[in-house]
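Peer 1: Shown below is the structure under consideration.
Protein chains: 2
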Amino acid sequence: MQTTSPIVEKNKKEKTASKRKRQIFDAAIHLFLEKGVANTSMRELAVAVNMTTGGLYHYVKSKEEIVRMVTRNAIYAHESVKALRKSLGDISPNEALRACTKFWLTLEKTAQEQTIFLDRERVHMGADMQQVYSESVRSLIHFFESLLDDGVKAGEFEVDNVFLTAFNIYMSRIQFATKWWLLQDLFTAEEYATQQTNAVMKQILVDRNKIS
Amino acid sequence: MQTTSPIVEKNKKEKTASKRKRQIFDAAIHLFLEKGVANTSMRELAVAVNMTTGGLYHYVKSKEEIVRMVTRNAIYAHESVKALRKSLGDISPNEALRACTKFWLTLEKTAQEQTIFLDRERVHMGADMQQVYSESVRSLIHFFESLLDDGVKAGEFEVDNVFLTAFNIYMSRIQFATKWWLLQDLFTAEEYATQQTNAVMKQILVDRNKIS
DNA sequence: GTCTATATAAGGATAGAC
DNA sequence: GTCTATCCTTATATAGAC
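Chains A and B supply the protein sequences, listed in that same order.
Position 184 of the first sequence, counted from 1, bears residue number 214 in my numbering, the numbering being contiguous throughout.
Position 91 of the second sequence, counted from 1, bears residue number 121 in my numbering, the numbering being contiguous throughout.
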C-alpha cells in the first residue's frame, strides 16, 4: 500500500496555490485595465476567479500587494528587450537597432496590456513603485540611446538629438498600447511595428538604401 | 436714494456663482490630475475650495457632472488648433504645418493638464463622453492629415504614411503631457516643441534646407 | 449660500464556521 | 482552502437649520 509522502503533499498544495495566485493575478490585470485599479473592488476580483472575498484574502494580503505584483511583472517587458540585444551577439548597429525596435513594438498582448497599466496607473502606485517604474523607463530609453550612439560612431546613423529619438522609439510602443482603441481598425500590431520602425530608420540612416 | 435694481442684483449673484463654479472646476482638474478621478473625493474637493460637501453640492449636481465639464473643456484644445489654421489664412503648406504643430505642442499648461486627464481617465468617462472624446481625437488627427496632404500636393512634402505621421504629431503632445515627470529635467516645453517639430519636418520635407 | 447632520451604499479587510 | 457574516471606514448625496 502506497501513501503519499508529506513532502509530495506539500508540493501539490503549493502548486495549486501558485496556480490560484496566477489566476488571481491574470484576472486582476484584466479588470484593472478595463476599469482602472480604483474602480475594481476585491469583491469583483473574487467573483472573477469564482471565489468570495474571504477566499481571495487567503491568497493575497491586500489590494496593494496585487498592484505591486502587476507593476513588478510589467517591468519585465523592459528587461526582455535588453536581453534580446545580448542574445543577438555581434551584429551591425543598424541591424541591432532595427531588431530591438521591432521587438519592443511587437511584444505580445499581455505585455502590451501591462504597458497600459503602468502608463495609466502610475498615480495609483505607492511612492516606492513609482520610483522603480521611473528607473525602469529611464533605463530602457538609455538602452536605445546606446544603440543609437553605436550607430553614430560606426558612421551608419546621423542623429540630431539622441535622447529625443530614443524617447520616441520608447513611446511608439506606449502609443500603440494606450491608443489601441483608435488604431485597431487601421493597423495590426505587426503592421504598426513595421511602419514605425521604418519611420525611425528613415529618420536616422545615413544610407537610406539600407532601409528595405 | 438709490436702490439696486432686481436685475442687477441677479446678475451680481450669477457672476459670483459662476466664479465659484469656475473655482471648483479648476480645483477639480488639479486634484484629478494629481490623484486620479476615482481617488479624489467630493470632501477633498470641497476642502480645496474652502467649503464643505453640502456647500459644494449647491453648485454641482454630482461628481459625474464635474468629470463631464472637464472633459468637454479639454476638447476645446483640439478645436483651438484648427482655429489657428484658419486665422493664418493663405500660407504655404510648409509654414502651415509647422505653425500648427508648434502651436499644438506648446498649448499652455492648463490645456496640457487637461490632455493628460483625457488620455488617462478615459476609463472614468461615461460611454457618451468616451464617444465625444474619440471623435475629437480622430478629427484632430484628420486635420493634420489634411495639412500633410496639402504639402504633398504642392510638392513640398514626401510622406510614406500620412495617417501615421499625423498620428505621431498628435501623439508628440500627449507624450509630453503624460511623461512630463520624465522630461521636465531635460526640456522646457518650448524646447521640446521646437525639437519635435523639427524632427517631423525633417522626416517629410523634400527640400531639407527649408527646415530652420 | 454655506454649514451640520445624516441617510445610504460600497469598499477593504478579518473572524470563525465548515 | 473556501464560505458566511460582519466590522470599520470612506464615499456620494441629501435635508434642513441658519
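Beta carbons are placed, not taken as given, at the ideal position from N, Cα and C, and that holds for glycine.
Model, not experiment: these values are computed from the prediction.
How would you write the range of the alpha helix (DSSP H) that M201(B) sits in, first residue to last?
Peer 2: Sequence index remark: in the second sequence, residue 201(B) carries index 171 (1-based). Element bounds for M201(B): 192-208.
Peer 1: Looking at the C-beta of W211(B), does it have a partner C-beta in chain A at a distance below 9 angstroms?
Peer 2: Mapped onto the second sequence, residue 211(B) falls at position 181. Output row for W211(B): interface = yes.
Peer 1: For A282(B), collect the residues of the same chain with a Cβ closer than 7 angstroms to its Cβ; drop the 5 residues on either side in sequence, then sort them by chain order.
Peer 2: For chain B, the structure presents residues 31 to 242; residue 282(B) sits outside this window and is missing.
Peer 1: Tell me whether G185(B) is buried or exposed, calling it buried when 16 or more other Cβ atoms sit within 10 Å of its Cβ.
Peer 2: On the second sequence, residue 185(B) is found 155 positions in, with the first residue counted as 1. So G185(B) ends up on the exposed side.
Peer 1: When the distance is taken between beta carbons, is M231(A) closer than 9 angstroms to L127(A)?
Peer 2: Locating residue 127(A) in the first sequence gives position 97, counting from the first residue. Locating residue 231(A) in the first sequence gives position 201, counting from the first residue. Taking 9 angstroms as the Cβ cut-off, L127(A) and M231(A) qualify as a contacting pair.
Peer 1: Measuring CB atoms only, is the stretch 141-148 of chain A touching the stretch 193-210 of chain A, in the sense that at least three cross pairs come out at less than 8 angstroms?
Peer 2: Flag = yes, the stretch 141-148 of chain A and the stretch 193-210 of chain A touch.
Peer 1: Spatial neighbours of H172(B) within its chain, please: C-beta separation below 7 angstroms, excluding the five flanking residues on both sides.
Peer 2: If you number the second sequence from 1, residue 172(B) lands on position 142. So no residue of the chain qualifies.
Peer 1: If you draw a straight line from the alpha carbon of K139(B) to that of L216(A), how long is it in whole angstroms?
Peer 2: On the second sequence, residue 139(B) is found 109 positions in, with the first residue counted as 1. On the first sequence, residue 216(A) is found 186 positions in, with the first residue counted as 1. Between K139(B) and L216(A), the C-alpha separation is close to 32 angstroms.
Peer 1: Does the beta carbon of E64(B) sit closer than 9 angstroms to a beta carbon anywhere in chain A?
Peer 2: Along the second sequence, one-based indexing puts residue 64(B) at 34. Yes, E64(B) lies at the interface with chain A (some Cβ there is under 9 angstroms from its Cβ).
Peer 1: Is it true that the CB of A219(B) sits closer than 9 angstroms to the CB of L135(B)?
Peer 2: By one-based count along the second sequence, residue 135(B) stands at place 105. By one-based count along the second sequence, residue 219(B) stands at place 189. Closer than 9 angstroms, so yes.
Peer 1: Can you check whether the CB of V153(B) is closer than 9 angstroms to the CB of N69(A)?
Peer 2: In the first sequence, the residue the question calls residue 69(A) occupies position 39. In the second sequence, the residue the question calls residue 153(B) occupies position 123. Cβ distance < 9 angstroms, so N69(A) and V153(B) count as in contact.
Peer 1: Please confirm if Q32(B) has its CB atom under 9 angstroms from at least one CB of chain A.
Peer 2: Translated into the one-based positions of the second sequence, residue 32(B) becomes position 2. At Q32(B), the pLDDT of 48 sits below 50, so the modelled position is not reliable and the matter cannot be decided from this model.
Peer 1: Comparing C-alpha positions only, which one of E175(A), V162(A), S117(A) sits nearest to Y106(A)?
Peer 2: The count along the first sequence starts at 1 and reaches residue 106(A) at position 76. Taking only the C-alpha atoms, the option nearest Y106(A) is V162(A).
Peer 1: Using C-beta distances below 7 angstroms, list every residue in its chain close to R203(A), excluding the 5 sequence neighbours before and after it, in chain order.
Peer 2: The count along the first sequence starts at 1 and reaches residue 203(A) at position 173. Around R203(A): W134, L135, T145.
Peer 1: Report the rounded CA-to-CA distance for Q233(A) versus F193(A), giving the unit in angstroms.
Peer 2: To locate residue 233(A), count along the first sequence from 1; it is residue 203. To locate residue 193(A), count along the first sequence from 1; it is residue 163. Distance between the alpha carbons of Q233(A) and F193(A): 14 angstroms.
Peer 1: Quickly, what does DSSP pair F147(A) with across the bridge? List them, please.
Peer 2: One-based indexing of the first sequence puts residue 147(A) at position 117. Looking at the DSSP assignment, F147(A) forms no beta bridge with any residue, so it has no partner.
Peer 1: Using only the alpha-carbon positions, how far apart do R102(B) and L63(B) sit?
Peer 2: Locating residue 102(B) in the second sequence gives position 72, counting from the first residue. Locating residue 63(B) in the second sequence gives position 33, counting from the first residue. One C-alpha to the other measures close to 16 angstroms.
Peer 1: Kindly list the residues whose CB is nearer than 8 angstroms to the CB of V167(B), restricted to its own chain and excluding five residues on each side of it in sequence; keep chain order.
Peer 2: By one-based count along the second sequence, residue 167(B) stands at place 137. Same-chain partners within the cutoff: H108, Y200.
Peer 1: Quick check on F173(A): does DSSP put it in helix, strand or coil?
Peer 2: To locate residue 173(A), count along the first sequence from 1; it is residue 143. DSSP places F173(A) in helix when its eight states are reduced to three.
Peer 1: Measuring CA to CA, which of S92(A), I96(A), A141(A), M159(A) is closest to V111(A)?
Peer 2: For this step, residue 111(A) is matched to residue 81 along the first sequence. The shortest Cα separation from V111(A) among S92(A), I96(A), A141(A), M159(A) belongs to A141(A).
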